[in-house]
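Below is one structure, written out as structure tokens; comments come after it.
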Ligand code: URA
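The following block contains the structure:
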């Protein structure tokens, strides 16, 4: 066994060089998956010091291409949730307010969705050339592209292994993974949405506060302003989980036809991101964000972006199965992980990176948390392959009394 791995096993601190020996060794195939799994499991169990986490972030950054820091480049990142379509709402809002905003996004893996698949599902091109990237920004103020292959390749390889070895839930590993990508992409100001709850990597507020403090500290080391929002992920975000059907919900929100947790989250996220780009109070920023939703400017921006990149916003029309409630009462909670997994099994997601997906598949929650239902009412619609419905029924829990609905935002840390 490598001396450095032995040190980790003995709970000794590793220097920059020692961490680099392990992680670069993995990237360069000198360390195999089994040995690296051992390393990741040790880190999950024993943690890393703040200094080691900052060093690991730097090692990830230096493993690939780096863009120079651009102080006016504001970026966002989410730790991953079910039904999270905020990028597709927040970017057009900001673009319609005159903010030039670009975002590199990922594909769906496991039970969480990916922005790239959602855009591809309506024909929007996302593998853009440099010229197309800048044309989009110049014409619409916004652009969403697939992550370039050479940005933090070490994180990419480690993350893929974490995903299949049960080593995703480590605060230092999450911090280094997210911050390396944001810093390498050149963002000067970064908003991070830390999802907290049953359907998320982070299960409680204490862990989320720890992660937020760590990412803010890493940001400071690199002169980046970081704001962390802690938001609930016990229930799916919004009503639609899939690809095309999520875009449908995006359209409803951008047309100001839908209120609720998802809309509230997007308004707050856009507000905070706007204050990062402009010397403006939160109140003023919030009212401007609401105005572009009210007057249709944000929707028009999304529509023009979709058209520019070859997409279409026509309605979807696919076969679906209706699931009816087996009980009467109020819906108290909906297990987001089960809904995410259902959506994946219906064909909307990937079990393996190489799986192809059905863009029409997914779950629409006809009744959501707080809804009163009678036995026999349709509670959700399932689009895609036929599957075993039993787990889906179990995702819904009921109460006799109307449950109190908690606000989506738990805390904002800066
Ligand atoms: N998102 C990332 O990019 N990395 C993590 O480790 C977790 C969420």
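Residue numbers (the working numbering): 7 to 420. We put the CB at the ideal spot given by N, CA and C, even for glycine. Source: prediction; values computed, not measured.
Asked                                                                                                                    : Found
CB contact flag (residue 231, residue 195, <8 Å)                                                                         : yes
Spatial distance of residue 10 from residue 213 (CA atoms)                                                               : 28 Å
Residue 211 vs residue 236 beta-carbon contact at 8 Å                                                                    : yes
Nonlocal neighbours in the same chain, by C-beta distance under 6 Å from residue 391, ignoring five residues either side : 352, 353
Continuous beta strand (DSSP E) assignments of at least 3 residues falling wholly in the region 288 to 371               : 326 to 330, 335 to 340, 368 to 371
Proximity test, residue 116 beta-carbon vs the ligand URA heavy atom, cut-off 7 Å                                        : no
For residue 22, the residue or residues it bridges with in DSSP                                                          : For residue 22, which the question treats as bridged, DSSP gives no partner whatsoever.
Inter-residue CB distance, residue 191 and residue 110 (contact presumed, cutoff 8 Å)                                    : 6 Å
8 Å CB neighbourhood of residue 27 in its chain, flanking five on each side removed                                      : 8, 10
Closer than 8 Å to chain C by CB, residue 420                                                                            : Annotation note: the requested chain C is absent from the structure, which comprises a single protein chain.
Run of the alpha helix (DSSP H) containing residue 258, from where it starts to where it stops                           : 250 to 260
Close-in-space but distant-in-sequence residues of the same chain around residue 91 (CB under 6 Å, 5 per side omitted)   : 252, 256
Enclosing beta strand (DSSP E) for residue 183 [first to last residue]                                                   : Element bounds for residue 183: not the beta strand (DSSP E) but the alpha helix (DSSP H), 177 to 190.
Which residues DSSP lists as bridging residue 384, in chain order                                                        : 330
CB-CB length for residue 363 against residue 166, believed under 8 Å                                                     : In fact, because the Cβ distance is near 18 Å, the residues do not count as touching under 8 Å.
According to DSSP, residues forming a beta bridge with residue 238                                                       : 202
Cβ-Cβ separation, residue 298 to residue 385 (assumed contact under 8 Å), whole Å                                        : Contact doesn't hold; Cβ gap of about 33 Å is too wide.
Cβ distance (whole Å) where residue 49 is taken to contact residue 97 below 8 Å                                          : Going by Cβ atoms, the distance from residue 49 to residue 97 rounds to 34 Å, so no, they are not a contact pair.
Residue nearest to residue 130 in terms of C-alpha spacing, selected from 155, 12, 94                                    : 94
Assigned secondary structure, residue 166 (DSSP; H/G/I helix, E/B strand, else coil)                                     : helix
Inter-residue CB distance, residue 47 and residue 314 (contact presumed, cutoff 8 Å)                                     : Not quite, the Cβ-Cβ distance comes to about 46 Å (not below 8 Å), so this is no contact.
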